[in-house]
Amino acid sequence: MLTKRLKGIVAAAVLSVVVVFNAGAQVAVADDPIAAMLDSLANKKVLMNALSKPAYPKTNKYHYAADSIPMFDDFVFEARCAKLDAVSPFDLQYHSEVRGYIELYTMRKRGSVERMMGISQLYYPMFEEILDKYNLPLELKHLAVIESALNPNAKSRAGAMGLWQFMYQTGKMYGLSVNSYVDERCDPYKATTAAAEYLGDLYKMFGDWQMVLAAYNAGPGTINKAIRRSGGKKTYWEIRPYLPRETQAYVPAFIAANYVMNYTQEHNLYSATPKKTFFEIDTVVLREPLTYQQLTEVLDVTVEEVEYFNPVYRKRIIPGGGYSLTLPKSKIGKFVTNEEEIYAKIRSNEDQKKIAMETNVPQEKQISYVVKKGEKLSTIARKYGVSVADLKTWNYVNPKKGLKPGRKLVLYVKENSATPVNPETVPTENNQNKNTVAENKNANTNTNTAQKNAKGTKTPVLASYTVKKGDNLFKIAQKYGMSVDELTKLNKMKSSSKINVGMKLKVSKA
């Protein structure tokens with residue numbers, strides 16, 4: 000409960016705006032991933048077209064002019080954060096590090112925040128529904144603000160995708176399929192469900208919500224390493240000096256996002272107007288593949304509208320029966336009435352050939368490849384007929400350490416090309432790969448090798464682990480620096496296999 004003093008401070012903040020700018024707390028926008036995500040909204044034409052400009056009131060309850068940018072002293076931020084903290088399982092107390100992100104949102108990126116406020120009317124109700132289903136704090140909906148700025152097609156420098164910024168491997172682990180035509184990391188519902196499961200697993204692992212946030216950003220392995228380096232400390236602020244710079248900023252950014260989304264009017268911020276909200280859309284399941292263009296001809300919608308409501312599809316093609324289509328409710332009835340006509344049109348014209356050609360792709364098979372001395376990503380890509388970009392998406396590579404001999408890479412290749420393409424003719428390149436993705440987040444599972452054959456590398460020591468209450472494959476794999484794939488292969492089981500308390504599993508202690 001707030002003290003009378005804090006209540007008085009909050010009330011005083013309504014009457015007096017203190018113009019203060021704390022230069023030391025500024026966020027370096029040029030290289031900040033959160034600022035970059037905010038900027039990406041303005042470059043996303045589909046999102047921009049789905050929003051109308053905010054309708055600023057002639058006067059608001061604080062009597063600000065339309066172009067006024069209020070600024071407050073630290074004691075006001077402290078009081079407001081304390082009010083949020085009093086009703087939250089998160090530690091939302093104000094820290095000096097939080098101010099920089101509050102100013103980023105309320106001063107330098109005001110237009111982006113107003114766009115996010117509009118987009119939140121499409122996504123927040125769904126976020127809350129899923130978080131509640133998994134018994135998770137509803138404040139976690141604001142995590143998507145700092146992850147993606149609520150852009151469902153957001154892509155990070157490290158290749159993470161979607162509202163919740165899943166790396167390829169982590170997405171696969173939580174059931175998100177990715178192929179040339181569908182990226183379920185960009186499916187708002189499926190990705191939010193996967194994020195809820197992942198966040199729940201992280202909470203079981205760390206038992207502290209601030210630590211969960213840090214682990215979501217940096218990966219559980221990085222957090223465990225920071226705990227060891229700190230001498231066994233178990234809270235975020237205690238291990239913060241031992242975390243990567245980006246993760247040091249992550250929790251303050253989350254506190255700031257919670258603050259801003261709860262105090263928009265106090266900062267004279269008004270929501271852009273979405274053309275449709277969550278309660279004005281619905282979903283149907285298709286019986287046959289179709290193109291966005293075919294929908295526009297029958298339903299009187301634009302391609303951009305279909306793309307806005309269906310960010311999961313990568314080529315404006317819904318590739319087959321069983322896939323879902325989201326539309327405004329006003330169009331659902333028309334689709335159901337004309338569904339057979341829509342399919343018939345596709346069957347009778349060139350679109351059918353296009354869809355057949357686009358969607359007739361072999362199933363992908365997961366394989367492992369151990370890096371040999373002198374190999375680059377480009378060498379391996381040519382060997383298996385995949386792209387370097389795909390290899391970077393599937394495998395996190397630290398740019399400071401490069402691609403080391405003995406490293407096990409995960410590849411997803413077509414069933415008919417699971418063996419190397421002309422392996423004898425692929426030249427060996429002596430320089431290690433230097434063109435790797437920038438280090439961003441390591442929510443991806445560690446890909447430490449289960450077996451290293453290169454000279455000078457360590458051979459892993461196998462040990463036995465007894466499954467305890469609350470364990471799952473992901474948690475056990477993280478504890479021993481393995482991927483789930485490595486753990487399941489070592490124990491000759493599937494990633495979907497159930498484990499029971501008391502079961503003995505082989506683990507690697509490399």
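The sequence shown: position 167 = 166 (numbering that gives the first Met the number 0), numbered continuously.
Every residue gets a Cβ at the ideal spot worked out from N, C-alpha and C, and that includes glycine.
Nothing here was measured: the structure is a model prediction, and the numbers come from that model.
Rounded to the nearest angstrom, the Cβ distance from tyrosine 180 to arginine 313 is 6 Å, consistent with a contact under 8 Å. In the pairwise beta carbon analysis, the region 250-263 is classified as touching the region 104-121: at least three pairs are separated by under 8 Å. By alpha-carbon distance to histidine 94, the top candidate from Phe76, Thr246, Met47, Tyr104 is Phe76. Check the Cα spacing between glutamine 293 and each of Lys344, Gly174, Phe278: the tightest is with Lys344. Of all alpha-carbon atoms in Gly110, Glu183, Trp208, the one lying nearest the alpha-carbon of aspartate 90 is that of Trp208.
Every alpha helix (DSSP H) stretch that sits fully inside the region 104-159 and reaches 4 residues is listed by chain position as 109-132, 142-147. Boundaries of the beta strand (DSSP E) harbouring serine 463: 461-465, taken from the DSSP string. The alpha-carbon separation between tyrosine 173 and lysine 189 amounts to approximately 10 Å.
Contact between isoleucine 366 and cysteine 80 is absent: CB atoms are separated by about 49 Å, not below the 8 Å threshold. Looking at the DSSP output, aspartate 182 sits in a beta bridge with Val177.
Residue environment analysis places asparagine 152 among the buried positions, since at least 16 neighbouring C-beta atoms fall within 10 angstroms of its C-beta. As far as DSSP is concerned, isoleucine 341 takes part in no beta bridge. Taking every protein chain shown into account, the CB of alanine 388 has fewer than 16 other CB atoms within 10 angstroms, so this residue is exposed.
Fewer than three pairs of CB atoms, one per stretch, sit closer than 8 Å, so the region 153-165 makes no contact with the region 270-285. One thing to note: valine 385 has its Cβ within 8 Å of the Cβ of leucine 410. Here leucine 461 is exposed: its Cβ has fewer than 16 other Cβ atoms, across all protein chains shown, within 10 Å. If you draw a straight line from the Cα of tyrosine 342 to the Cα of threonine 191, it is about 31 Å long. Minimum Cα-Cα distance from tyrosine 202 among the listed residues Lys497, Tyr479, Gly469, Asp38 corresponds to Gly469.
Cβ neighbours of methionine 47 within its own chain (closer than 6 Å, five residues either side excluded): none. In the three-state scheme derived from DSSP, where H, G and I count as helix and E and B as strand, serine 323 is classed as strand.
Straight across, the Cα-Cα distance linking tyrosine 249 with histidine 62 is about 34 Å. In the three-state reduction of the DSSP assignment, leucine 376 falls in the helix class. Secondary structure of lysine 60 (DSSP, three-state): coil.
In this structure the region 32-46 touches the region 143-152; the number of beta carbon pairs closer than 8 Å is three or more. Distance check between proline 404 and each of Val370, Thr301, Gly321, Tyr464 places Val370 closest, using alpha-carbon atoms only. When DSSP reads this structure, aspartate 281 sits in a beta bridge with Leu326. For serine 229, the three-state secondary structure derived from DSSP is coil. Residue range 503-507 is occupied by the beta strand (DSSP E) that includes leucine 504.
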